[in-house]
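Note that this note's numbering gives residue 50 to position 50 of the sequence shown, counting from 1, and the numbers run on in steps of one.
Let me begin by presenting the structure, written as structure tokens, before commenting on it.
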Amino acid sequence: RPEDIDVGAVQAAWGEATVLRRRFLGERVHLTLALAGQPDLHAVVDRDHPARGGARVGVRVRDGRLMPCLDPVS
């Protein structure tokens, strides 16, 4: 779920992504993120989050929130 994705500075033990799109949703912001070799990832962050289009960011799924995908991804 987009709200289970942490987005922050690039750091050890986190994935690395590029912000493709930033869309305002009132008090929240929806980010579309590109990860090498993966489908786009969607995250929801606070409206004041510093990530902007083109920025490199660190990403991780919060503990206990990762759900396996059993369907093939194309």
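Backbone N, C-alpha and C define an ideal beta-carbon position, used for all residues, glycine too.
Computed from a prediction, not measured in an experiment: that's the story for all the values here.
Determine which residues share a DSSP beta bridge with residue i and list them.
i	result
residue 16	58
residue 29	24 and 45
For residue i, is the classification buried or exposed, using 16 other Cβ atoms within 10 angstroms of its Cβ as the cut-off for buried?
i	result
residue 12	exposed
residue 51	buried
residue 31	buried
residue 9	exposed
Do you know offhand how far residue i's Cα is from residue j's?
i	j	result
residue 26	residue 37	31 Å
residue 5	residue 45	9 Å
residue 29	residue 7	12 Å
How is residue i classed by DSSP in three states: helix, strand or coil?
i	result
residue 6	strand
residue 51	coil
residue 34	strand
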